[in-house]
Amino acid sequence: MLTVTQPGLWCATGGFHIDPSRRVDRALITHAHSDHARRGCRSYLCAQEGVEVLRLRVGREASVTGLRYGERLEVNGVAVSFHPAGHVLGSAQVRLEHQGEVWVVSGDYKRQADPTCAAFEPVRCHTFVTESTFGLPIYRWPEPGLVFDEINAWWRSNRERGRTSVLFGYSLGKAQRLLAGVDPAVGPIFVHEAVRQFLPAYAAAGVNLPATDLATAEKVAAARGEALVIAPPAGGEFADMSGIGGVSTAFASGWMLFRAARRQRGGGRGFVLSDHVDWPGLMATIRETGASRVLVTHGVAGPLVRWLNENGWQAEALSAHPVLAAQTVVDAG
Ligand SMILES: [Zn+2]
Ligand SMILES: [Zn+2]
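Numbering (the working numbering), first residue to last: 226 to 558.
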């Protein structure tokens, strides 16, 4: 049903691409991260919850259509539907059905709790195309509640020492998940413009986030070490934090599982919080789909493909393709 072409996954029968890497006529988009959603396509189809954030990514003028989760649309004889992926607001798995055959393309997904987006729903299929950003048995995420306890304790202890807390996380998804999990009683919260631009879409989707203000050096300095600043890793003015007094930095990402110790020596903390599925989550999900065939993309495919083939599945890596290989790990875990 799907083949890998130069712009990415292509459904010849339906006449559409999924998350194409270049301009195509008809693009089905799993979510609005920049390695999945690109400008310039003639039309976009995505989950309804993701329409607003996708427009911010591909431009107001773009032709974007949303489907409610689970709603079916016939596209040239292929039944298309979107199902929650639990990755970021509006993220979806794409289900395709044609002549009794069902494929599901996961996009990026996670199985852990995240109050800022609809929870992942396993979808039965014959062929499952899964991401494997963290496709190694060493990747097992701690409980998000415990991670937020650590983050809040770090913020409190910084405040007691009069140091501003600057927490780096990807601007779409991770930053809002951080906002939803931090304790607003500790102090004022400021967000970088790159984070703030997405907040109206979250509010419109009914996601409850604490009150925040735009992070400027003056406002943060005026909070005299009590504030938390949430900024993307390439945080513009917050890459240079001179002028706001003492600062403690931290990074929230799945990659922090093994980088935490090293970063700590450099003065920054690492918090293990990922929007991607970990190894136990991959195993559970693949079983729940009931798929006999698994195609692995978007990350380290080799070990997962080997494990699946040794344990009764028919598995293959899609990431051998140069275009898909080049897409790996752009959205920072
Ligand atoms: Zn993503
Ligand atoms: Zn991705």
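For every residue, glycine included, the Cβ atom is placed at its ideal position computed from N, Cα and C. Since the model is a prediction, treat every value here as computed from it, not as a measurement.
Judged by DSSP secondary structure, V454 falls within the beta strand (DSSP E) whose first and last residues are 453-456. In the three-state reduction of the DSSP assignment, P232 falls in the coil class.
Taking the C-beta atoms as reference points, A262 is found no nearer than 8 Å to V276. Counted as a single uninterrupted DSSP element, the alpha helix (DSSP H) harbouring W532 occupies residues 527-535. Note on geometry: alpha-carbon atoms of E451 and I243 lie some 45 Å from one another. Less than 8 Å divides the Cβ of V313 from the Cβ of G398.
For A252, the enclosing beta strand (DSSP E) begins and ends at 251-253. The region 386-456 contains, as complete beta strand (DSSP E) runs of 3+ residues, the segments 389-393, 414-416, 453-456 (chain order). Sixteen is the threshold: when 16 or more other Cβ atoms of the shown chains lie within 10 Å of the Cβ of R320, as they do, the residue is buried. Annotation: E346 to D250 spans about 29 Å, alpha carbon to alpha carbon.
Comparing alpha-carbon positions, the option among S473, S478, P528 lying closest to R386 turns out to be S473. In the three-state DSSP reduction, T510 falls in the helix class (H, G or I). Listed in chain order, the non-local C-beta contacts of M226 below 8 Å within the same chain comprise C236, T238, V303, L321, H323, E326, W328, T352, local neighbours out to five positions each way being set aside. Not one heavy atom of ligand 2 lies closer than 7 Å to the C-beta of H242. The secondary-structure analysis by DSSP pairs H323 across a beta bridge with E326. Cα atoms of A430 and E535: separation of roughly 43 Å, rounded to the nearest angstrom. Not one heavy atom of ligand 1 lies closer than 7 Å to the C-beta of D374. Nearest in C-alpha terms to T341, of all of P528, L424, A477, T514, is L424. About 5 Å separates the beta carbon of S357 from that of A526, a gap short enough to meet the 8 Å contact definition.
As computed with DSSP, E356 is found in a beta bridge with T522. Residues of the same chain with a CB within less than 6 Å of the CB of Y364, apart from the 5 flanking positions on each side, are D503, W504 in chain order. Between G315 and A287, the C-beta gap is not smaller than 8 Å, which leaves the two residues out of contact. Unbroken beta strand (DSSP E) stretches of 3 residues or longer found wholly inside the region 238-317: 241-243, 251-253, 268-272, 289-292, 298-300, 303-309, given in chain order. Within the DSSP bridge table, the entry for R494 names A475 as partners.
Among the bridge pairs identified by DSSP, Q539 is matched with R518.
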